[in-house]
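Trainee: Order-wise, the sequence lines are chains H and F.
For any residue, its number in the numbering used here is found by taking its place in the first sequence, counting from 1, and adding 701.
For any residue, its number in the numbering used here is found by taking its place in the second sequence, counting from 1, and adding 31.
Sharing a structure with you now.
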Amino acid sequence: MKAYRRKLDLANGRVDLGHGSGGRAMADLVSGIFREAFANPFLDQGNDQAAFPTPRGGRMVMTTDGYVVSPLFFPGGDIGSLAVHGTVNDIAMSGARPLHLSASYIVEEGFPLADLKRIADSMGRAARAAGVTIVTGDTKVVERGKADGLFISTAGIGELPDGLDLSGDRAEPGDVVVLSGSIGDHGVAIMSSRENLEFETAILSDSAALNGLVEAMVAAAGPHLKLMRDPTRGGLAATLNELAHQSGVGFRIEEAAIPVKPEVAAACELLGLDPLNVANEGKLVAVVSPAGADALLAAMRAHPLGAEAAAIGTVVADDQQFVQMTTGFGGGRIVDWLSGEQLPRIC
Amino acid sequence: MKYVDEYRDGDLAAKIAAAIAAEVRPDRTYSFMEFCGGHTHAISRYGLEDLLPANVRMIHGPGCPVCVLPVGRIDDAVRLARRPGVTLLTYGDMMRVPGSKGTSLLKAKAAGADIRMVYSTLDALRIAEAEPDREVVFFAIGFETTTPPTAVALKLAAEKRLPNLSFFVNHVLTPVAMRAILTAPPVPGERPVAIEGFVGPAHVSTIIGLEPYREFAERHRKPVVVAGFEPLDVMQAVLMLVRQVNEQRAEVENQYIRAVTPAGNVAAQSLVDRFFELRESFEWRGLGSVPASALKLRDEWAALDAEKRFSVETIRADDNPACECGAILRGQKRPAECKLFGTVCTPETPMGACMVSSEGACAAHWTYGRFREHDSLRRAS
Chain H
702 MKAYRRKLDL ANGRVDLGHG SGGRAMADLV SGIFREAFAN PFLDQGNDQA AFPTPRGGRM
762 VMTTDGYVVS PLFFPGGDIG SLAVHGTVND IAMSGARPLH LSASYIVEEG FPLADLKRIA
822 DSMGRAARAA GVTIVTGDTK VVERGKADGL FISTAGIGEL PDGLDLSGDR AEPGDVVVLS
882 GSIGDHGVAI MSSRENLEFE TAILSDSAAL NGLVEAMVAA AGPHLKLMRD PTRGGLAATL
942 NELAHQSGVG FRIEEAAIPV KPEVAAACEL LGLDPLNVAN EGKLVAVVSP AGADALLAAM
1002 RAHPLGAEAA AIGTVVADDQ QFVQMTTGFG GGRIVDWLSG EQLPRIC
Chain F
32 MKYVDEYRDG DLAAKIAAAI AAEVRPDRTY SFMEFCGGHT HAISRYGLED LLPANVRMIH
92 GPGCPVCVLP VGRIDDAVRL ARRPGVTLLT YGDMMRVPGS KGTSLLKAKA AGADIRMVYS
152 TLDALRIAEA EPDREVVFFA IGFETTTPPT AVALKLAAEK RLPNLSFFVN HVLTPVAMRA
212 ILTAPPVPGE RPVAIEGFVG PAHVSTIIGL EPYREFAERH RKPVVVAGFE PLDVMQAVLM
272 LVRQVNEQRA EVENQYIRAV TPAGNVAAQS LVDRFFELRE SFEWRGLGSV PASALKLRDE
332 WAALDAEKRF SVETIRADDN PACECGAILR GQKRPAECKL FGTVCTPETP MGACMVSSEG
392 ACAAHWTYGR FREHDSLRRA S
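In structure tokens:
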């Protein structure tokens, strides 16, 4: 089999929207430009956060993220709360306890102050609810047309308990793959409120801080827990492919075991999208050794954010690192990275 | 989901699969072409190949409107979009389709052209009205399914006398392309493939009905089953085709009775006829130049015709010479037999028609099915 990756055309190429969509084009961009430029062992681990020892002992975790969501207010959330949840979750996926965040606002000239206040208030509330403090920030105003209303960048730090070593390269054949709940809610909520694509749905974004759920999972599964990751942009499909690549394994998942709300399935059907590729902001995927799977699932289901947790498949040995799925129809197929952006089909 | 889940019932699929297995004759093979990319997508996405007997082979036809548009027309669209003052509107899945020299609408957009994705032809009217200073061009593509919505937008544009809206028309015709595949002379060096029946595209038939397929049954003796795009629809269509072949019948049958009538949508046909007429010839990716296979605007609507307004002169551009799209579309080769497949040609960097949209034969195989060759190689070693 061929597993060709095309090199970035650094002489003539330009960044296009596909490079930001969480699919393979984005993975190629990051590895071809940023990883090469910044090369170091922390970055090479390829996780959404980095764990590092502090000079006086103990370990900290750090992450950073940018939020460019459109529209800024959507069913179930807004860019402010989303920025907190996304950053808290990136820290929590390492098993660390999130402590402090920074918030950098890039605001377009002409942006309504009332909206800015509403977003900042929402961000503050989300931080308090998640048990983190926003301890520093920055504000820049750019000329009209230079930003789509408002962008937020964050950084976050957390404290990593001793003995915990979760990482995307730890999945091993035989391990169990667990998903915390239904997929695609956030992406569909966003799409339903986009100008020119408005449709009526009761779906709310699942945007939520998962650090409480993670604490319960770490307590229940202990060393059996191998890794966690939140399937945000690119959805469950991109996350499983990332993990397969990082761990050098394959996955076999069962479509029938993956929770998808009927409204989400219907919206995806209408738009020709696959829920596996649609973004989530309050879900996580965990890989656990078989001995810890039952305890982990029980602990997740006892938490409100993991009530629908399900074992969706297993890790298998596969030198091609395929994510294979048994369809609800009984056939087999690959779950691949998305190629660039997921685009609605014309007919 | 009402009216969807019923057609994805795994138990029912197993029963149809058992019926197909019981009815196929072990001493022969069955080769059917699903013309439409929607069917190709369903077959790959639901893993239907695993449910069909080994001697039933599905040949993935060219019926993806994005896939079949030739390089030269993509180049035309890019040139149009780069003109000062022009806003080009396109359906999303056109964005990545490669033109010549590595261009695409996505790349032209990244380089500064005003190219916007729309979800409906009516967005074109809205944008043209809202931005009277822009020359708005709607990139109209697709088979018979998307032609009526373009006709509706043309009708409204004419009624509203919008001076800044025009249409770059690339609508193509299903039955003509099917005929071209069926009657193409064998290519030296390629193994001939006998297509023994067609799964016809249901959405096309909701517009054109069943009559245009009659010639395949009567003149060419090839059964046609017009089928829906849900996996159970496809399974049932295969069973119906197997039965026709076994009984040596060649008829046009309608599996999609829930939406297709023999005459189709007469009002839509009439609206299309009001605005469009046949082109003498049109280039298809993978098939070459096919006479009377596409539509253009009638002369009386010249004011709405972007080709006339901007003096578009298509410069013919060739596909990559190593690309095997033509042989794959005709069923003479499988995707993995093309030496570009998975090397320089992937969904991120498509070289040929079949890899261009998710509905193309190669893209569907790459995205959903390429583990099969690997598994069979592993079993063999």
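Where is the CB? At the ideal position from N, CA and C, for every residue including glycine.
Using only the alpha-carbon positions, how far apart do H/L905 and H/G869 sit?
Mentor: In the first sequence, residue 905 of chain H corresponds to position 204, counting from 1. In the first sequence, residue 869 of chain H corresponds to position 168, counting from 1. Their backbone Cα atoms lie some 29 Å apart in a straight line.
Trainee: I need the DSSP call for H/G657, collapsed to helix, strand or coil.
Mentor: The displayed coordinates of chain H run from 702 to 1048. Any statement about residue 657 of chain H would go beyond what the structure contains.
Trainee: Would you please state the rounded distance, in angstroms, between the beta carbons of F/T118 and F/R147? I believe it to be under 8 Å.
Mentor: Your numbering for residue 118 of chain F matches position 87 in the second sequence. Your numbering for residue 147 of chain F matches position 116 in the second sequence. Contact flag correct, Cβ pair sits at about 6 Å.
Trainee: Hey, H/V989 and H/V915: beta-carbon distance below 9 Å or not?
Mentor: Here the question's residue 989 of chain H lines up with position 288 in the first sequence. Here the question's residue 915 of chain H lines up with position 214 in the first sequence. In this structure, H/V915 does not lie closer than 9 Å to H/V989 by Cβ.
Trainee: Name the chain H residues that come within less than 7 Å of F/T398, Cβ to Cβ?
Mentor: On the second sequence, position 367 is the one that residue 398 of chain F refers to. The contacting residues are I1035, D1037.
Trainee: So, with DSSP's three-state summary, where would you put H/G709?
Mentor: Here residue 709 of chain H refers to the residue found at position 8 when the first sequence is read from its first residue. In the sequence on display, residue 709 of chain H carries Leu and not Gly. In the structure shown, H/L709 sits in coil (DSSP, three-state: anything other than H, G, I, E or B).
Trainee: What runs of the alpha helix (DSSP H), each 4 residues or longer, lie entirely inside the region 277-314 of chain F?
Mentor: DSSP runs (the alpha helix (DSSP H)) wholly in the region 277-314 of chain F: 297-306.
Trainee: What distance in whole Å lies between the Cβ atoms of H/G1029 and F/R39, which are believed to be in contact at a cut-off of 8 Å?
Mentor: Position 8 of the second sequence holds residue 39 of chain F. Position 328 of the first sequence holds residue 1029 of chain H. Right, their Cβ atoms sit about 6 Å apart.
Trainee: How big is the Cα-Cα spacing for H/V919 and H/G796?
Mentor: Mapped onto the first sequence, residue 919 of chain H falls at position 218. Mapped onto the first sequence, residue 796 of chain H falls at position 95. The alpha-carbon atoms of H/V919 and H/G796 are separated by roughly 7 Å.
Trainee: Mind listing which residues of the region 706-718 of chain H have their C-beta closer than 7 Å to chain F's C-betas, in chain order?
Mentor: Listed by position along the chain: R707, R715, V716, D717, L718.
Trainee: Is there a Cβ from chain H that is less than 9 Å from the Cβ of F/P115?
Mentor: Here the question's residue 115 of chain F lines up with position 84 in the second sequence. Not one chain H Cβ lies under 9 Å of F/P115.
Trainee: Can you pull out the residues from the region 1006-1031 of chain H whose beta carbon lies closer than 7 Å to at least one beta carbon of chain F?
Mentor: Answer in chain order: Q1021, F1023, Q1025, T1028, G1029, F1030, G1031.
Trainee: Can you pull the chain F neighbours of H/R725, defined as C-beta to C-beta under 8 Å?
Mentor: Taking the first residue of the first sequence as 1, we reach residue 725 of chain H at position 24. Simply E379.
Trainee: Is F/P262 near F/A44, with beta carbons less than 9 Å apart?
Mentor: Position 231 of the second sequence holds residue 262 of chain F. Position 13 of the second sequence holds residue 44 of chain F. Yes.
Trainee: Does any heavy atom of the ligand SAM sit closer than 8 Å to the C-beta of F/A139?
Mentor: Among the components of this structure there are no ligands whatsoever, and the ligand SAM is therefore not found.
Trainee: Return the residue from the list F/D264, F/E175, F/Y122, F/Y150 that minimises the CA-CA distance to F/Q300.
Mentor: For the purposes of this step, residue 300 of chain F is taken as the residue at position 269 of the second sequence. If we check each option's Cα against that of F/Q300, F/E175 comes out closest.
Trainee: Have a look at F/A159 and F/T214 and give me their C-alpha separation to the nearest angstrom.
Mentor: Mapped onto the second sequence, residue 159 of chain F falls at position 128. Mapped onto the second sequence, residue 214 of chain F falls at position 183. Cα to Cα, F/A159 sits roughly 43 Å from F/T214.
Trainee: Output, in chain order, the set of chain H residues within a Cβ distance shorter than 7 Å of F/S75.
Mentor: Looking up residue 75 of chain F in the second sequence gives position 44. Going along chain H in sequence order, the residues near F/S75 (Cβ under 7 Å) are R1034.
Trainee: Step through the CB atoms of chain H and report whether any lies within less than 9 Å of the CB of F/D81.
Mentor: The count along the second sequence starts at 1 and reaches residue 81 of chain F at position 50. Closer than 9 Å to some Cβ of chain H, the Cβ of F/D81 qualifies, so yes.
Trainee: Do H/L783 and H/L647 have their beta-carbon atoms positioned less than 9 Å apart in this structure?
Mentor: Any property of residue 647 of chain H remains undetermined from this structure, which presents chain H solely from 702 to 1048.
Trainee: Would H/V957 pass as an interface residue toward chain F - the criterion being a Cβ-Cβ separation below 9 Å?
Mentor: Counting from one through the first sequence, the residue named residue 957 of chain H turns up at place 256. Looking at the sequence provided, one finds Ala at residue 957 of chain H rather than Val. Taking Cβ atoms only, chain F reaches closer than 9 Å to H/A957, which makes this a yes.
Trainee: Could you spell out where the beta strand (DSSP E) holding H/E955 opens and where it closes?
Mentor: As a working note, residue 955 of chain H is residue 254 in the first sequence. It spans 951-955 - the beta strand (DSSP E) in which H/E955 sits, taken as one unbroken run.
Trainee: Return helix, strand or coil for H/S990, following the three-state DSSP convention.
Mentor: Counted from its first residue, the first sequence places residue 990 of chain H at position 289. Residue state, collapsed to three classes: coil.
Trainee: Tell me, please, whether the CB atom of H/D729 is closer than 9 Å to any CB atom in chain F?
Mentor: Locating residue 729 of chain H in the first sequence gives position 28, where the first residue counts as 1. For H/D729, the answer is yes, since a Cβ of chain F falls inside 9 Å of its Cβ.
Trainee: Using 9 Å as the threshold, is the C-beta distance between H/S894 and H/P756 below it?
Mentor: Residue numbering aside, residue 894 of chain H sits at position 193 when the first sequence is read from its first letter. Residue numbering aside, residue 756 of chain H sits at position 55 when the first sequence is read from its first letter. Contact: no.
Trainee: Across the region 820-834 of chain H and the region 798-808 of chain H, are there enough close Cβ pairs to call them in contact, namely three or more that are closer than 8 Å?
Mentor: Judged by Cβ distances under 8 Å, the region 820-834 of chain H makes contact with the region 798-808 of chain H, as three or more pairs qualify.
Trainee: Give the straight-line distance between the Cα atoms of H/G724 and H/A939, rounded to the nearest whole angstrom.
Mentor: Locating residue 724 of chain H in the first sequence gives position 23, counting from the first residue. Locating residue 939 of chain H in the first sequence gives position 238, counting from the first residue. Taking the straight line from one Cα to the other gives about 6 Å.
Trainee: Where does H/F812 fall in DSSP's three states?
Mentor: To locate residue 812 of chain H, count along the first sequence from 1; it is residue 111. In the structure shown, H/F812 sits in coil (DSSP, three-state: anything other than H, G, I, E or B).
Trainee: Can you list, in chain order, the residues of its chain whose CB lies under 8 Å from that of H/P991, leaving out five sequence neighbours each side?
Mentor: Within the first sequence, the letter at position 290 stands for residue 991 of chain H. Hits under 8 Å: G875, D876, V877.
Trainee: Quick check on F/K132: buried or exposed, where buried means 16 or more other Cβ atoms within 10 Å of its Cβ?
Mentor: The residue labelled residue 132 of chain F in the question sits at position 101 within the second sequence. That one is exposed.
Trainee: State the Cα-Cα distance for the pair F/A225 and F/E246, rounded to the nearest angstrom.
Mentor: For the purposes of this step, residue 225 of chain F is taken as the residue at position 194 of the second sequence. For the purposes of this step, residue 246 of chain F is taken as the residue at position 215 of the second sequence. Cα-Cα distance, rounded: 17 Å.
Trainee: Within 9 Å of any Cβ in chain F, is that where the Cβ of H/D975 sits?
Mentor: Position 274 of the first sequence, counting from 1, holds the residue named residue 975 of chain H. Cβ-Cβ to chain F under 9 Å: yes for H/D975.
Trainee: Between the Cα of H/A827 and those of H/A804, H/R845, H/R1002, H/M1001, spot the shortest distance and give me the residue it belongs to.
Mentor: In the first sequence, residue 827 of chain H corresponds to position 126, counting from 1. It is H/A804 whose Cα lies nearest to the Cα of H/A827.
Trainee: Which term fits H/M702, buried or exposed, when burial requires 16 or more other beta carbons within 10 angstroms of its beta carbon?
Mentor: Position 1 of the first sequence, counting from 1, holds the residue named residue 702 of chain H. Residue confidence for H/M702 is low, a pLDDT of 36 falling below 50, so the modelled location carries little weight; the figure read from the coordinates is stated next. Looking at its Cβ environment, which holds fewer than 16 other Cβ atoms inside 10 Å, H/M702 is exposed.
Trainee: Does F/G295 come within less than 9 Å of chain H when only Cβ atoms are used?
Mentor: Locating residue 295 of chain F in the second sequence gives position 264, counting from the first residue. No - not a single Cβ of chain H is within 9 Å of the one on F/G295.
Trainee: Please state the DSSP three-state secondary structure of H/M1001.
Mentor: Walking along the first sequence from the start, residue 1001 of chain H turns up at place 300. It is helical.
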